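Residue numbers (this note's numbering), protein chains in the order written: chain A, 1 to 110; chain B, 1 to 114.
Worksheet for the structure shown next.
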């Protein structure tokens with residue numbers, strides 16, 4: 001059974017600081033996704049990572065994928081309050097199943 | 001406007017009373033899927049569909065049914081709801097899951113089973 005684990009589950013950080021969210025998964029996959037969810041809202045797709053070594057960046061967020069280590073990271077640079085949200089990673093497995101991590105609740109304080 | 005539309009937004013029902021949550025997309029997407037979100041558990045996939053008449057189980061399919069008779073619609077059916085199906089449900093679609101296509105999510109359906 002595939003396990004997808006995010007670390008940390010809760011993150012409180014100050015504006016202007018950098019931090020990284022980790023997503024570990026337990027079985028081979030060729031596709032990893034990152035999503036953002038604001039409180040009381042739906043999910044918004046951030047990144048799709050397709051291959052080992054893939055790196056994608058948008059604004060202050062950068063995602064990377066290491067398929068050999070079964071690890072993806074979401075790096076936040078110079079955080080701002082607008083980035084406060086819950087971030088999920090999800091892994092595509094057999095067929096077209098998607099398995100999500102528990103989510104990382106990020107709070108950026110002034 | 002490209003979107004995934006779920007209805008209803010909120011639903012309160014009683015144990016055993018059959019219900020259907022509708023999901024429709026206007027983007028000609030092949031892939032559609034249903035998820036439930038529970039505190040501390042993230043999202044768990046219930047069912048997914050690769051195309052018309054092609055459906056498959058996700059991680060938590062027990063107690064749910066789906067159908068995909070048309071490309072745009074993917075309803076979620078609870079034949080005999082139970083309180084442990086109280087949850088926030090999301091429908092999502094994408095062009096496919098074979099490339100780098102992103103998933104588009106509906107607004108969610110908050111279901112309470114009493």
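For each residue, glycine too, the CB sits at the ideal point set by N, CA and C.
If you're wondering where the values come from, they're calculated on a predicted model, not measured in any experiment.
Identification of chain B residues near residue 96/A by a Cβ-Cβ cut-off of 7 angstroms yields 31, 48, 50 and 97, ordered along the chain.
For residue 90/B, the chain A residues whose C-beta falls within less than 8 angstroms of its own C-beta are 42 and 43, listed in chain order.
The C-alpha of residue 107/B is placed about 24 angstroms away from the C-alpha of residue 4/A. Each residue's CA atom was taken as its position, placing residue 92/B and residue 104/A some 21 angstroms apart. For residue 33/A, the enclosing beta strand (DSSP E) begins and ends at 32-37.
8 angstroms or more divides the Cβ of residue 26/B from the Cβ of residue 68/B. Annotation: Cβ neighbours of residue 59/B in chain A (cutoff 8 angstroms, chain order): 97 and 99. Nearest neighbour of residue 10/A by Cα position, chosen from 78/B, 95/B, 85/B and 40/B, turns out to be 40/B. Any Cβ of chain B closer than 8 angstroms to the Cβ of residue 48/A would place that residue at the interface, and such an atom is present. Taking one beta carbon from each stretch, the stretch 1-13 of chain B and the stretch 54-70 of chain B have fewer than 3 pairs nearer than 8 angstroms; the two do not touch.
A residue is called buried when at least 16 other Cβ atoms come within 10 angstroms of its Cβ; residue 81/A does not meet this threshold and is exposed.
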